[in-house]
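Asks: Pasting in a structure now, in structure tokens, and then I'll have a few things to ask.
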Amino acid sequence: MDKKQQTKLETFILNVSKQFIHHPDIPASPGLMSGNAGISLFLYYVAHYFKDQNIYDQAEERLQKVMGLLNSGIRDISFANGIAGMAWTIAHLNKKGYIKGETETRPNQLDHLMHEIAVENINNAHFELLYGYTGTGLYFLENEKTHFSTEIIKLIIDHLSSNIDINSTMPGLAHGLAGPVSFCAKCIDNGYEIDRSKKVLQTIVPEIFNIFSHMPCLSIQQQITSCKHDNSPNPFGWCHGLPGIALSVLQAGRATLRKDWMSCAIHCINDYIAELQQYENELTENCLCHGKTGIANILRKFYFQTKITTFLDASDYWIKKSVADTDGSDALQGKISEQDLGLLMGISGICLSYLNFLTPDIEEPGWDTCLLIS
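Counting in the numbering used here, the sequence shown runs from 10 upward without gaps.
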């Protein structure tokens with residue numbers, strides 16, 4: 010990256026951060042994916058990069074709001090908007106050394122509460138990352154082992170072993186089979202339920218290969234037509250598209266030393282990169298969920314895990330395409346609204362991806378663990 014590009018990115022990120030300082034009460038929601046937990050995550054990373062005390066102060070103010078809600082008796086344990094995501098944010102910032110004082114303590118009472126609610130509800134719960142028990146499990150996987158984490162992850166693997174109907178489930182990372190695949194790979198990497206996690210992968214990964222081979226839904230052209238018809242998000246990125254699915258298979262292959270799985274993932278993402286060039290005008294959004302920065306971030310992961318430079322070049326290309334779209338951004342004009350501020354769908358996640366681009370030697374910045382891609 011040349012100096013001009015670096016300056017442009019840094020200026021944009023700082024201007025966005027200032028808008029959060031000027032609008033401290035927006036948004037009102039506390040969650041990780043669309044509320045103050047995700048915004049505080051962004052602001053702490055920005056404050057650390059620029060060594061800016063004003064941004065640190067705003068990050069801490071927003072995190073204190075999250076802490077206040079966690080102590081209010083909330084019983085939503087979802088990762089997107091509930092306890093699991095908010096507690097993950099606090100624990101992650103603590104591990105990074107970004108927070109001090111009372112927020113440093115891991116909220117063990119929340120571990121107990123999440124364990125209690127999960128045990129009560131897992132038979133009626135879905136397995137997906139954002140609103141199901143995979144997200145709850147991710148919080149426990151990312152922290153030190155306790156009896157709570159051991160029991161919760163065993164319970165989740167029990168449920169994944171017997172309750173996923175792979176014939177009626179879509180493959181996406183946010184809401185489908187790829188989420189449990191990445192989760193089980195993380196279980197193996199972290200020493201939880203290794204043998205049983207491998208058995209779950211041996212069931213799910215072949216089904217994803219079957220989907221790759223026989224279902225038209227992963228063709229970009231078919232997905233564009235379908236999404237326009239259903240008025241649903243575009244098919245390009247992390248949430249429903251092939252990049253997130255392929256990365257989950259790559260993670261599973263690495264965790265289980267299955268070179269055939271890794272080769273399949275690399276082949277699929279190579280084909281995807283070539284096909285995507287034909288439809289890049291359809292990709293009009295920048296968000297992590299299904300936009301340019303989400304694609305760039307996943308391709309960057311492919312590069313670091315394979316050292317194939319094609320993936321790094323493609324990642325750089327899509328980040329630059331995203332940056333080119335930011336000149337007239339509402340965030341620079343003070344026209345911010347709640348829907349475009351968050352981590353997953355909004356400007357906080359976009360800027361965190363830009364920070365990745367500004368720190369190219371850091372393979373694992375850490376914040377994107379919450380998307381099951383790190």
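Beta carbons are placed, not taken as given, at the ideal position from N, Cα and C, and that holds for glycine.
None of the values given here were measured: they were computed from a predicted structure.
Less than 8 Å between the CB atoms is what I'm expecting for L122 and I165, so what's the real figure, rounded?
Replies: That belief does not hold up - the Cβ atoms of L122 and I165 are roughly 17 Å apart, past 8 Å.
Asks: Buried or exposed: where does N90 fall if 16 or more other Cβ atoms within 10 Å of its Cβ makes it buried?
Replies: buried
Asks: Can you give me the C-alpha to C-alpha distance between L79 and D280, rounded to a whole angstrom?
Replies: Answer to the nearest angstrom: the Cα atoms are 44 Å apart.
Asks: Buried or exposed, going by whether 16 or more other CB atoms sit within 10 Å of the CB of S362?
Replies: With 16 or more other Cβ atoms within 10 Å, it is buried.
Asks: Nearest CA to the CA of T293: which residue from T319, L266, Q314, K330?
Replies: Comparing Cα positions, the closest option is K330.
Asks: Inspect the beta-carbon positions of W247 and I307 and report whether they are closer than 8 Å.
Replies: Yes, Cβ-Cβ distance for W247 and I307 is below 8 Å.
Asks: As a quick exercise: from L251, T98, A134, pick the residue whose alpha carbon is nearest that of I2.
Replies: For the chain, the structure presents residues 10 to 383; residue 2 sits outside this window and is missing.
Asks: Any idea if V128 is buried or exposed, counting beta-carbon neighbours within 10 angstroms, 16 or more meaning buried?
Replies: exposed
Asks: Can you tell which of A187, Q118, N132, I86 has the C-alpha that lies nearest to the C-alpha of G146?
Replies: Checked all of A187, Q118, N132, I86; the closest Cα to G146 is I86.
Asks: Considering Cα atoms alone, identify which of P180, N172, M179, S191 is closest to G144.
Replies: S191
Asks: Around the Cβ of T114, are there at least 16 other Cβ atoms within 10 angstroms (buried) or fewer (exposed)?
Replies: Residue confidence for T114 is low, a pLDDT of 45 falling below 50, so the modelled location carries little weight; the figure read from the coordinates is stated next. Per the 10 Å Cβ criterion, exposed.
Asks: Ends of the alpha helix (DSSP H) at Q73?
Replies: 62-79
Asks: Keeping to the same chain, check which residues put their C-beta closer than 8 Å to that of M224; ignore five residues upstream and five downstream.
Replies: Because M224 carries a pLDDT of 47, less than 50, the predicted location of this residue cannot be relied on, and the following value inherits that uncertainty. The answer is none, since no qualifying residue turns up.
Asks: Could you tell me whether the Cβ atoms of I359 and C296 are closer together than 8 Å?
Replies: yes
Asks: With DSSP as the reference, label M179 as helix, strand or coil.
Replies: coil
Asks: Anyone know if the C-beta pair for I30 and Q67 falls short of 8 Å?
Replies: yes
Asks: Out of L321, M95, N117, N152, which one is the CA nearest neighbour of A46?
Replies: It is M95.
Asks: Going by C-alpha distance, which of Y65, A323, G188 is nearest Y53?
Replies: Y65
Asks: Which value, in whole angstroms, describes the spacing of the CA atoms of I203 and L259?
Replies: 17 Å
Asks: With G9 and M179 assumed to form a contact (beta carbons below 8 Å), what rounded beta-carbon distance in angstroms separates them?
Replies: The requested residue 9 does not occur in the structure, where the chain is confined to residues 10 to 383.
Asks: Distance check for N130 and K268, CA to CA, integer angstroms please.
Replies: 37 Å
Asks: Note down the Cα distance separating N219 from Q314, rounded to an integer number of angstroms.
Replies: About 24 Å.
Asks: Can you list, in chain order, the residues of its chain with a C-beta nearer than 6 Å to that of V75? Leave out the 5 residues immediately preceding and following it.
Replies: P39, N45, A46, M95
Asks: What residue from K154, G82, L150 has the CA that sits closest to L119's CA?
Replies: G82
Asks: What is the rounded straight-line gap between the Cα of T318 and the Cα of P369?
Replies: The C-alpha of T318 lies about 13 Å from the C-alpha of P369.
Asks: Would you decide whether I22 is buried or exposed? Buried here means 16 or more other CB atoms lie within 10 Å of its CB.
Replies: buried
Asks: Give the single residue among H156, Q287, S26, E151 whose Cα lies nearest to the Cα of L380.
Replies: E151
Asks: Tell me which residues share the same chain as A183 and place their Cβ nearer than 8 Å to its Cβ, disregarding the 5 neighbours each side in the sequence.
Replies: E137, L138, L139, W247, C248, H249, G253, C298
Asks: For L186, name the three-state secondary structure that DSSP assigns.
Replies: coil
Asks: Please name the residue, chosen from G262, F157, L256, that lies closest to G303 on a Cα-to-Cα basis.
Replies: L256
Asks: Kindly give me the distance between the Cβ atoms of K207 and T265, rounded to whole angstroms, as I take these residues to be in contact under 8 Å.
Replies: 6 Å
Asks: Just the C-alpha distance for K12 and N365, rounded to the nearest angstrom, thanks.
Replies: 16 Å
Asks: Taking the alpha-carbon positions, what's the F88 to F149 distance?
Replies: Between F88 and F149, the C-alpha separation is close to 11 Å.
Asks: Between A323 and the rest of its own chain, which residues show a CB-CB distance below 6 Å, the 5 nearest in sequence each way excluded?
Replies: I282, L308
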